[in-house]
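Novice: Take this structure, written in structure tokens, and hold onto it; I'll ask about it next.
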Amino acid sequence: MTSSLRISIPRPIDAHLHLRDGRSLSSTVAASARQFGRAVVMPNLLPPVVRCSEALAYRDRILAACPPDLSFQPMMTLYLSENTRIEDIDQACAEPDIYAVKLYPAGATTHSEAGVGHIDRVMPVLERMAERGLPLLIHGEVTDPDIDIFDREAVFIERTLIPLRRRLPELPIVLEHITTREAVDYVQAQNGRFAATLTAHHLLHDRNDMLVGGMRPHFFCLPILKRREHRQALLAAATSGDPRFFLGTDSAPHAQHAKESACACAGCYTAPVALELYAEAFASCAALDRLADFASRHAAHFYGVPVDTQEITLSAQTWTQAERLPYLDGHIIPFRAGSELQWRLEDAV
Ligand code: NCD
Ligand code: ZN
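Take any residue in the sequence shown, count from 1 to its spot, add 20: that is its number in this note's numbering.
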């Protein structure tokens with residue numbers, strides 16, 4: 021339902037979310053459960069979530085942290101390490117709460133040290149995933165120090181993804197948090213079970229927002245924000261209605277002191293206002309009528325889960341987001357802290 025002032029959509033799926041662990045969960049789970057009915061939960065904890073038993077124990081901790089008045093289904097993932105065994109894949113396929121395996125090139129991003137050095141080393145595991153139809157979620161950036169940080173996604177597609185697709189065309193893949201025109205073009209050329217997630221911050225911002233007039237660490241994430249023409253390609257893809265593109269916030273909480281540092285951590289904490297940000301992006305293209313497909317239906321179709329029967333409602337109203345939120349023993353700065361937003365998620369009644 022869309023009117024000039026309100027839009028209601030099925031409770032969406034966040035297809036790429038970092039919740040962290042331990043005492044962080046009381047803040048992060050509540051923020052996401054207010055916005056989303058389900059989320060694909062990233063496994064880059066310390067130590068990483070490699071085995072099924074670890075993923076299921078993590079799921080229990082997430083559910084225990086969920087406020088009792090909110091329903092939230094964590095869709096768990098395994099972290100692909102060079103120690104992942106074929107039996108881990110078989111166990112994951114037998115486990116209804118585990119939906120995918122995440123590939124981090126070693127050294128590409130936060131907590132990726134235990135990731136994959138060279139893809140050849142995990143080929144037997146990927147072959148089993150292709151046979152079993154278990155999706156591989158990919159952080160698509162090379163780690164070659166000779167490649168400029170702004171080119172790392174495009175080079176990953178050339179060097180790693182194209183050869184992988186040739187070798188294993190049946191492997192279901194989600195190319196996560198895409199940031200470039202090259203990635204959009206590549207995804208649009210794929211057939212079969214192949215998709216990409218798009219973050220709100222990459223739909224709304226480019227590298228000027230991070231670097232002009234001062235260096236703003238709360239805009240720093242990986243893959244890094246690119247030039248404006250890439251943002252425009254992402255917006256066009258998100259609002260096109262193409263089912264291969266769906267919502268994944270990549271909301272990645274780091275405490276204020278870790279972001280406001282001489283060596284700032286990568287990650288934007290968008291979860292508290294995620295749908296407000298996506299609504300702003302879609303409204304900027306007069307495409308609010310496509311938000312429900314992008315946010316609530318395409319990922320459900322890809323992962324084979326039902327579209328949520330409950331709805332959330334966003335209304336057009338200007339409001340100012342908090343400057344900071346309590347987090348662990350200090351604070352966290354949510355994305356767009358203290359700034360005006362044009363949409364507001366109404367609380368469920
Ligand atoms: C993520 C994190 O902090 O876990 N950071 C980020 O900049 N997106 C990891 C990731 O998804 O790259
Ligand atoms: Zn991520």
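Think of the CB as a built atom: it goes at the ideal place given N, C-alpha and C, for glycine as much as any other residue.
Because the structure is a prediction, the values reported are computed rather than measured.
Give a single yes or no on whether Met62 has its beta carbon closer than 7 Å to a heavy atom of the ligand ZN.
Specialist: Numbered from its first residue, the sequence shown carries residue 62 at position 42. Yes, since a heavy atom of the ligand ZN falls inside the 7 Å radius drawn around the Cβ of Met62.
Novice: Can you check which of these residues, Pro292, Thr333 and Leu365, is closest to Ala342 by C-alpha distance?
Specialist: Locating residue 342 in the sequence shown gives position 322, counting from the first residue. When only C-alpha atoms are compared, the closest one is Pro292.
Novice: Comparing C-alpha positions only, which one of Asn228, Arg248 and Thr219 sits nearest to Glu300?
Specialist: One-based indexing of the sequence shown puts residue 300 at position 280. With distances taken between Cα atoms, Glu300 lies closest to Thr219.
Novice: Per DSSP, which one or two residues make a beta bridge with Tyr119?
Specialist: Within the sequence shown, numbered from 1, the residue matching residue 119 stands at position 99. Paired residue(s): none; Tyr119 is not in a bridge.
Novice: Alpha carbons only, please: which of Glu360, Ala75 and Ala50 is nearest the one belonging to Pro88?
Specialist: Here the question's residue 88 lines up with position 68 in the sequence shown. The shortest C-alpha separation from Pro88 is found at Ala50.
Novice: Are there any heavy atoms of the ligand ZN lying less than 7 Å away from the beta-carbon of His222, as far as the coordinates show?
Specialist: By one-based count along the sequence shown, residue 222 stands at place 202. Outside the cutoff, so no.
Novice: Give the secondary structure of Ile193 by DSSP, where H, G and I count as helix, E and B as strand, and everything else as coil.
Specialist: Indexing the sequence shown from 1 puts residue 193 at position 173. Three-state DSSP puts Ile193 in a strand.
Novice: Taking 7 Å as the cut-off, does the CB of Ala35 come closer than this to any heavy atom belonging to the ligand ZN?
Specialist: Here residue 35 refers to the residue found at position 15 of the sequence shown. No, the beta carbon of Ala35 sits no closer than 7 Å to any heavy atom of the ligand ZN.
Novice: So what's Ile353 in DSSP terms, helix, strand or just coil?
Specialist: Position 333 of the sequence shown holds residue 353. Three-state result, Ile353: coil.
Novice: For Val61, count neighbouring C-beta atoms within 10 Å of its own C-beta (all shown protein chains included) and say buried if the count is 16 or more, exposed if not.
Specialist: For the purposes of this step, residue 61 is taken as the residue at position 41 of the sequence shown. Its Cβ being crowded by 16 or more others within 10 Å, Val61 is buried.
Novice: Please state the DSSP three-state secondary structure of Asp367.
Specialist: For this step, residue 367 is matched to residue 347 along the sequence shown. Three-state result, Asp367: coil.
Novice: How is Ser281 classed by DSSP in three states: helix, strand or coil?
Specialist: On the sequence shown, position 261 is the one that residue 281 refers to. DSSP places Ser281 in coil when its eight states are reduced to three.
Novice: What's the call for Val194, buried or exposed, on a 16-neighbour Cβ count within 10 Å?
Specialist: Position 174 of the sequence shown, counting from 1, holds the residue named residue 194. Buried, because 16 or more other Cβ atoms sit within 10 Å of the Cβ of Val194.
Novice: Using a Cβ-Cβ cutoff of less than 7 Å, which residues in the same chain neighbour Thr48 once the five nearest sequence positions on both sides are dropped?
Specialist: Within the sequence shown, the letter at position 28 stands for residue 48. Excluding residues within five positions, the ones whose Cβ falls inside 7 Å are Leu39, Arg40, Pro273 and Ala291.
Novice: Return the CA-CA distance between Gly358 and Leu345, expressed in angstroms with no decimal places.
Specialist: As a first step, residue 358 must be located in the sequence shown, where it is residue number 338. As a first step, residue 345 must be located in the sequence shown, where it is residue number 325. Rounded to the nearest angstrom, the two C-alpha atoms are 11 Å apart.
Novice: Check the DSSP bridge columns for Asp34 and list the partner residues they point to.
Specialist: The residue you call residue 34 lines up with position 14 of the sequence shown. Paired residues: Ala59.
Novice: Helix or strand or just coil, what does DSSP make of Thr340?
Specialist: Position 320 of the sequence shown, counted from the first residue, corresponds to residue 340. Note: Thr340 maps to strand in three-state DSSP.
Novice: Rank Ile244, Gln362 and Arg247 by C-alpha distance to the C-alpha of Leu334 and give the top, closest one.
Specialist: Taking the sequence shown and counting its residues from 1, one reaches residue 334 at position 314. The candidate whose alpha carbon is nearest that of Leu334 is Gln362.
Novice: Could you check if Asp229 belongs to the surroundings of the ligand ZN, using beta carbon to heavy atom distance under 7 Å?
Specialist: For the purposes of this step, residue 229 is identified with residue 209 of the sequence shown, where counting begins at 1. Incorrect: Asp229 has no Cβ contact closer than 7 Å to the ligand ZN.
Novice: Counting only runs that start and end within the stretch 207-287, where is the alpha helix (DSSP H) found for 4 or more residues in a row?
Specialist: Here the runs fully enclosed are 220-224, 227-231, 248-258 and 276-279.
Novice: Starting from Pro94, follow the beta strand (DSSP E) in both directions and report where the run begins and ends.
Specialist: Walking along the sequence shown from the start, residue 94 turns up at place 74. Unbroken beta strand (DSSP E) run through Pro94: Gln93 to Tyr99.
Novice: Do Leu188 and Glu133 have their beta-carbon atoms positioned less than 8 Å apart in this structure?
Specialist: Within the sequence shown, numbered from 1, the residue matching residue 133 stands at position 113. Within the sequence shown, numbered from 1, the residue matching residue 188 stands at position 168. Contact flag unset, no.
Novice: Starting from the C-beta of Arg79, find all residues in its chain whose C-beta is less than 7 Å away, skip the five residues before and the five after it, and write them out in chain order.
Specialist: Locating residue 79 in the sequence shown gives position 59, where the first residue counts as 1. These residues qualify, in order along the chain: Pro94, Met96 and Asp117.
Novice: If I measure Cβ to Cβ from Gly153 and keep anything under 7 Å in the same chain, skipping five residues before and after, which residues do I get?
Specialist: For the purposes of this step, residue 153 is taken as residue 133 along the sequence shown, with counting starting at 1. The answer, listed in chain order, is Pro192.
Novice: Tell me the rounded alpha-carbon separation between Gln252 and Asp168.
Specialist: Along the sequence shown, read from residue 1 onward, the residue named residue 252 stands at position 232. Along the sequence shown, read from residue 1 onward, the residue named residue 168 stands at position 148. Answer to the nearest angstrom: the Cα atoms are 21 Å apart.
Novice: Nearest-angstrom Cα distance between Val142 and Ala126?
Specialist: As a working note, residue 142 is residue 122 in the sequence shown. As a working note, residue 126 is residue 106 in the sequence shown. The straight-line gap from Cα to Cα measures roughly 13 Å.
Novice: Quick check on the burial criterion: 16 or more other C-beta atoms within 10 angstroms. Buried or exposed for Thr22?
Specialist: Residue 22 sits at position 2 when you count from the first residue of the sequence shown. In this predicted model, Thr22 has a pLDDT of only 49, less than 50, meaning its place in the structure is not dependable enough to derive any value.
Novice: Less than 7 Å separating the Cβ of Asp270 from some heavy atom of the ligand ZN?
Specialist: The sequence position of residue 270 within the sequence shown is 250, counting from 1. Within the cutoff, so yes.
Novice: Since Ile182 contacts Val145 with CB under 8 Å, what's their CB separation in whole angstroms?
Specialist: As a first step, residue 182 must be located in the sequence shown, where it is residue number 162. As a first step, residue 145 must be located in the sequence shown, where it is residue number 125. About 20 Å; that fails the 8 Å criterion.
Novice: For the putative contact between Phe355 and His250, defined by C-beta atoms under 8 Å, what is the C-beta separation to the nearest angstrom?
Specialist: Mapped onto the sequence shown, residue 355 falls at position 335. Mapped onto the sequence shown, residue 250 falls at position 230. Not confirmed; about 19 Å, so no contact.
Novice: Apart from the five residues just before and just after Ile106, which ones in its own chain have a Cβ nearer than 7 Å to its Cβ?
Specialist: In the sequence shown, counting from the first residue as 1, residue 106 sits at position 86. Pro144, Val145 and Arg148.
Novice: Could you check if His131 belongs to the surroundings of the ligand ZN, using beta carbon to heavy atom distance under 7 Å?
Specialist: Indexing the sequence shown from 1 puts residue 131 at position 111. Not so, every heavy atom of the ligand ZN lies at least 7 Å from the Cβ.
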